[in-house]
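Read through the structure below, which is laid out as structure tokens, and then see the notes.
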Amino acid sequence: NAGVMQNPRHLVRRRGQEARLRCSPMKGHSHVYWYRQLPEEGLKFMVYLQKENIIDESGMPKERFSAEFPKEGPSILRIQQVVRGDSAAYFCASSPQDSYQETQYFGPGTRLLVL
Amino acid sequence: GNSVTQMEGPVTLSEEAFLTINCTYTATGYPSLFWYVQYPGEGLQLLLKATKADDKGSNKGFEATYRKETTSFHLEKGSVQVSDSAVYFCALSPGGSYIPTFGRGTSLIVHP
Numbered sequence: 055n056a057g058v059m060q061n062p063r064h065l066v067r068r069r070g071q072e073a074r075l076r077c078s079p080m081k082g083h084s085h086v087y088w089y090r091q092l093p094e095e096g097l098k099f100m101v102y103l104q105k106e107n108i109i110d111e112s113g114m115p116k117e118r119f120s121a122e123f124p125k126e127g128p129s130i131l132r133i134q135q136v137v138r139g140d141s142a143a144y145f146c147a148s149s150p151q152d153s154y155q156e157t158q159y160f161g162p163g164t165r166l167l168v169l
Numbered sequence: 005g006n007s008v009t010q011m012e013g014p015v016t017l018s019e020e021a022f023l024t025i026n027c028t029y030t031a032t033g034y035p036s037l038f039w040y041v042q043y044p045g046e047g048l049q050l051l052l053k054a055t056k057a058d059d060k061g062s063n064k065g066f067e068a069t070y071r072k073e074t075t076s077f078h079l080e081k082g083s084v085q086v087s088d089s090a091v092y093f094c095a096l097s098p099g100g101s102y103i104p105t106f107g108r109g110t111s112l113i114v115h116p
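Taken in order, these protein sequences are the chains called Z and E. First residue of the first sequence: 55, per the working numbering; consecutive thereafter. First residue of the second sequence: 5, per the working numbering; consecutive thereafter.
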């Protein structure tokens, strides 16, 4: 049973370009969460999605950031017109249910560097 | 609001030494508590968890006890190995919420 998969693992973009980060949850998991980790900081929640629905995007910046989890295919976190401050590690996690006791399984992350 | 406070790192130990990483929390209700480990260049892996007061989570020689009276969830291991070198994150999930709150992480370095 493959774990949570993210690609690319490393992404370099110039200021003003777009970044697309992909996440395939574990088999059987229909809940996806995106987090951002700045250097030497803990993970900060960004958005929680189920198939075709955004459940909670309270942690996501209002501008330039968007996320989707289509019926088919991976979840996508999209950052438009990237700036240097977007440089961070972005982690995706998945769970089979949304219970607060349910363990979230994390992917290896995408490390975004904005030049 | 909810918050998690971990001891500052790095924690540097010799192999076979005893490890304690302190974690305290503030939360409303009755949260579940977690320890995650992050090895260099990888994502977080769940190390152990506890879902109610006085529960002890344990895995791979690590353990932590949910102490409601002191709002703590300290991580301990009796004899660390070089392979335990990683960053350790304490986290909580408040009752009724799916969004965990993470501490800033504590780096552990174990020397041979």
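Heads up, the beta-carbon is just placed ideally off N, CA and C, and yes, glycines get one too. No experiment lies behind these values; they were computed from the predicted model shown.
Start and end residues, beta strand (DSSP E) containing residue i
i	result
T4 of chain E	A question about residue 4 of chain E goes unanswered here, because the residues of chain E that appear run from 5 up to 116.
A54 of chain E	48-54
H85 of chain Z	85-91
E67 of chain E	66-69
G61 of chain E	60-63
R74 of chain Z	73-78
M100 of chain Z	97-104
L166 of chain Z	164-168
T9 of chain E	7-10
V114 of chain E	110-115
F93 of chain E	90-97
A21 of chain E	It is not in any beta strand (DSSP E) - A21 of chain E carries neither H nor E in the DSSP assignment.
A121 of chain Z	119-122
Chain E contact residues for residue i, given Cβ-Cβ distances below 7 Å
i	result
E95 of chain Z	R108
Amino acids of chain Z, ordered along the chain, whose beta-carbon sits closer than 7 Å to that of residue i
i	result
E46 of chain E	P162
K60 of chain E	The premise fails here: K60 of chain E is roughly 16 Å from chain Z at the closest Cβ pair, so nothing lies under 7 Å.
Assigned secondary structure, residue i (DSSP; H/G/I helix, E/B strand, else coil)
i	result
S148 of chain Z	strand
D170 of chain Z	As shown, chain Z starts at 55 and ends at 169. That puts residue 170 of chain Z outside it, with no answer to give.
S141 of chain Z	coil
P83 of chain E	In the sequence on display, residue 83 of chain E carries Ser and not Pro. S83 of chain E: coil per DSSP, three-state reduction.
V136 of chain Z	coil
Y40 of chain E	strand
N61 of chain Z	strand
Below-8 Å beta-carbon distance, residue i vs any chain E residue
i	result
Y144 of chain Z	no
Contact with chain B by residue i, beta-carbon distance below 8 Å
i	result
F119 of chain Z	Within the model displayed, chain B is absent; protein chains Z and E are what it includes.
Chain Z contact for residue i (CB, 8 Å cutoff)
i	result
Y29 of chain E	no
K81 of chain E	no
L50 of chain E	yes
K64 of chain E	no
F22 of chain E	no
K53 of chain E	yes
Beta-carbon neighbours of residue i, restricted to chain E and to distances below 9 Å
i	result
F99 of chain Z	I103, P104, T105, F106
Closer than 8 Å at the beta carbon, the chain Z residues around residue i
i	result
F93 of chain E	G96, L97
Three CB pairs or more closer than 8 Å across the region 27-38 of chain E and the region 79-97 of chain E: yes
Cβ contact check for the region 51-70 of chain E and the region 6-13 of chain E: 3 or more pairs under 8 Å: no
Three-pair Cβ contact test at 8 Å for the region 116-134 of chain Z versus the region 94-104 of chain Z: yes
Three CB pairs or more closer than 8 Å across the region 59-76 of chain Z and the region 134-142 of chain Z: yes
Any 3 or more C-beta pairs closer than 8 Å across the region 9-25 of chain E and the region 75-95 of chain E: yes
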